[in-house]
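In our numbering, each residue carries its 1-based index in the sequence shown increased by 265. Quick reminder that beta carbons are idealized off the backbone N, C-alpha and C, glycines included.
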Amino acid sequence: MSNSSLLMIAVAGVAALLLLILKGKVQPFVALMVVSIGVALAAGVHAADLVKTIEDGMGSTLGHIATIIALGAMVGRIIELSGGAHAFAHALIEKFGTRRTALALTVAGFILGIPVFFEVGLIILMPIAHGVARAARKPLLVYALPMGSAMLTVHAFLPPHPGPVAAIETIGASQGLVLLMGIPIAAVVTLLGYLLSRRLTRREYPMDPAVYAEVYGAPGTAEDTPAPAETRGSVAPEGHGTAVLTRPAVPGTGVRPPSFGMVLTLIVLPILLILLGTIGQNTLAADSVMRSVLTVVGAPMVALLIDLGLCAYFLGARRGWDRARIAEVMGSALPPVAAVILVAGAGGVFGKVLVASGIGNAVADVLERTGLPVLLLAFLTSLALRAAQGSATVALITTAGILTPLLDRADLSAGHLSLVALAMGAGALALSHVNDAGYWMFTRLAGLDVATGLRTWTVQTTAMGFMGFALTAALWPLV
Numbered sequence: 266m267s268n269s270s271l272l273m274i275a276v277a278g279v280a281a282l283l284l285l286i287l288k289g290k291v292q293p294f295v296a297l298m299v300v301s302i303g304v305a306l307a308a309g310v311h312a313a314d315l316v317k318t319i320e321d322g323m324g325s326t327l328g329h330i331a332t333i334i335a336l337g338a339m340v341g342r343i344i345e346l347s348g349g350a351h352a353f354a355h356a357l358i359e360k361f362g363t364r365r366t367a368l369a370l371t372v373a374g375f376i377l378g379i380p381v382f383f384e385v386g387l388i389i390l391m392p393i394a395h396g397v398a399r400a401a402r403k404p405l406l407v408y409a410l411p412m413g414s415a416m417l418t419v420h421a422f423l424p425p426h427p428g429p430v431a432a433i434e435t436i437g438a439s440q441g442l443v444l445l446m447g448i449p450i451a452a453v454v455t456l457l458g459y460l461l462s463r464r465l466t467r468r469e470y471p472m473d474p475a476v477y478a479e480v481y482g483a484p485g486t487a488e489d490t491p492a493p494a495e496t497r498g499s500v501a502p503e504g505h506g507t508a509v510l511t512r513p514a515v516p517g518t519g520v521r522p523p524s525f526g527m528v529l530t531l532i533v534l535p536i537l538l539i540l541l542g543t544i545g546q547n548t549l550a551a552d553s554v555m556r557s558v559l560t561v562v563g564a565p566m567v568a569l570l571i572d573l574g575l576c577a578y579f580l581g582a583r584r585g586w587d588r589a590r591i592a593e594v595m596g597s598a599l600p601p602v603a604a605v606i607l608v609a610g611a612g613g614v615f616g617k618v619l620v621a622s623g624i625g626n627a628v629a630d631v632l633e634r635t636g637l638p639v640l641l642l643a644f645l646t647s648l649a650l651r652a653a654q655g656s657a658t659v660a661l662i663t664t665a666g667i668l669t670p671l672l673d674r675a676d677l678s679a680g681h682l683s684l685v686a687l688a689m690g691a692g693a694l695a696l697s698h699v700n701d702a703g704y705w706m707f708t709r710l711a712g713l714d715v716a717t718g719l720r721t722w723t724v725q726t727t728a729m730g731f732m733g734f735a736l737t738a739a740l741w742p743l744v
């Protein structure tokens, strides 16, 4: 089959995928599977080979990422239900002080966003932002916008979130190198996003009356008016905020929440283990015992398994949970991520079909002829898919499948492949708008209408996505 025919099939496949997800409201896993089968048959994959192609794509993808996603979700769930997330956020607010409460919530969103999924993080931290806004008499968006965008940045850039994990494994990048370069990039993007949010929240925006009443009290009361724009930088009156800064007991119990240091250690530990494994593989002799040890404990699956055991003990058993409770909490983390894992596997099937049918090489030929650098192609492809269908995870998985043949030809180093994965993350961060479930979740919790959401949340995430790509491009010559 000619390259032009294969390209037409590829375009038709992507268009069908978008139509099924956007117009047909078909679950992304089902849509990816249907489109993968249709593309394979249209491109001439023999019926006898079709099932094996699907099984190989699903198995090779899930064999790498299913365990990582599941273990990461369990760690985040224990931190959430133990009260660790609330305690961590409150401790940061205390440490940063009243003047820098918005920055404290941004940092909390960034750090807690590593083990906790974006949607869960919003649910955990938004009530704290409500309490701070109420106590300080300032607009809720001052606190919510940088906090929410910080969590979305981590969601798009870093493992163990499903989109980055799937993209990294599909293109053959190193999770350790992605963390080594991605954490500083994501941190700088988050800081720049915090500064941008200060400009975006200088003016007043309309707010949903129900959310307004929940945050500031019923209209007409003495407490129902946020501070005017010209006073937002001032310190709240003495005594304001003491209620929200009080570190509460875990809901439903009289148990004090975990300490700040313990939660921080448990969040950072798997990252440090993965980084040590990567450093050991690149600096120690091949026959070194220490390299072997670091390689094992630094494998993402092992690092997360170690961290999960420590979370179960320090946040669970040591604080009164019995074995049944610990097992119940771990198990409760799995249903929400099951669909995500299946979507990632279906993305692997789509990528395998592109390769087996020859479409991947045809697409690679076209992309090579554009003359654009692979880093820019990764960013633009992810950006376009994110804008078209809304899901950052689907955008990352699909982009990785489309670009893998081109990346194989380019024969890039592990460092450059890791930067390509980060460029995809930058594209997936941008353009969160009305077809993104995260957009609706944030705007509803923050009490924003559609127009205000586009002027604030969409502008914020898009600017941060382009910032992330610029930082990634700046590192390219240095790797």
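Which of helix, strand or coil DSSP assigns to residue i
i              : result
isoleucine 379 : coil
aspartate 552  : coil
lysine 288     : coil
alanine 305    : helix
glutamate 469  : coil
tryptophan 722 : helix
proline 782    : The displayed coordinates of the chain run from 266 to 744. Any statement about residue 782 would go beyond what the structure contains.
alanine 313    : helix
arginine 399   : helix
tryptophan 741 : helix
aspartate 630  : helix
methionine 391 : helix
valine 699     : coil
leucine 637    : coil
valine 500     : Here the model assigns valine 500 a pLDDT of 37, short of 50, so the residue's position is not dependable, and the following value carries that caveat. Note: valine 500 maps to coil in three-state DSSP.
valine 276     : helix
histidine 329  : helix
alanine 432    : helix
serine 414     : helix
leucine 357    : helix
leucine 677    : coil
leucine 257    : With the chain covering 266 to 744 only, the question about residue 257 has no answer from this structure.
proline 424    : coil
Test item: CB-CB of residue i and residue j under 8 Å
i                 : j                 : result
leucine 357       : alanine 367       : no
valine 608        : phenylalanine 361 : no
phenylalanine 644 : alanine 691       : yes
isoleucine 274    : alanine 308       : yes
phenylalanine 383 : glycine 703       : yes
alanine 415       : threonine 466     : no
serine 267        : methionine 446    : no
valine 631        : proline 670       : no
threonine 435     : alanine 621       : no
valine 427        : threonine 658     : It is worth fixing the name first, because residue 427 is proline in this sequence and not valine. Contact flag set, yes.
valine 528        : isoleucine 344    : yes
leucine 271       : isoleucine 624    : yes
leucine 285       : valine 291        : yes
alanine 568       : proline 535       : yes
tyrosine 477      : arginine 399      : no
valine 750        : alanine 305       : A query on residue 750 cannot be resolved here, the shown segment of the chain reaching from 266 to 744 and no further.
leucine 537       : valine 340        : no
Inter-residue spacing [alpha-carbon to alpha-carbon] between residue i and residue j
i              : j              : result
serine 347     : methionine 412 : 21 Å
valine 715     : threonine 708  : 8 Å
proline 404    : alanine 711    : 10 Å
glycine 506    : alanine 394    : Any answer about glycine 506 is weak, because its pLDDT of 36 lies below 50 and its placement is not dependable; what the coordinates show is given next. About 11 Å.
aspartate 321  : isoleucine 330 : 14 Å
arginine 584   : leucine 387    : 26 Å
isoleucine 662 : alanine 352    : 34 Å
tyrosine 470   : serine 301     : 44 Å
glycine 289    : leucine 377    : 35 Å
valine 744     : leucine 417    : 26 Å
glutamine 440  : alanine 312    : 36 Å
threonine 455  : aspartate 701  : 20 Å
serine 697     : alanine 551    : 45 Å
proline 429    : serine 647     : 12 Å
serine 462     : serine 557     : 45 Å
leucine 442    : threonine 543  : 7 Å
histidine 681  : arginine 521   : 46 Å
alanine 409    : proline 392    : 10 Å
threonine 530  : alanine 421    : 23 Å
8 Å Cβ cutoff, residue i in contact with chain B
i           : result
leucine 661 : In the structure shown, chain B cannot be found, because there is only a single protein chain.
Proximity test, residue i beta-carbon vs the ligand NAD heavy atom, cut-off 7 Å
i           : result
glycine 616 : Absence of the ligand NAD is noted for the structure shown, with no ligands found whatsoever.
Count the C-beta pairs between the segment 555-562 and the segment 578-593 that are closer than 8 Å, then say yes if the count reaches three, no if not. no
Within 8 Å, do at least three Cβ pairs link the segment 445-458 to the segment 676-695? yes
Count the C-beta pairs between the segment 671-683 and the segment 722-738 that are closer than 8 Å, then say yes if the count reaches three, no if not. no
Counting Cβ pairs, one atom from each stretch, are 3 or more of them under 8 Å apart for the segment 637-655 and the segment 332-339? no
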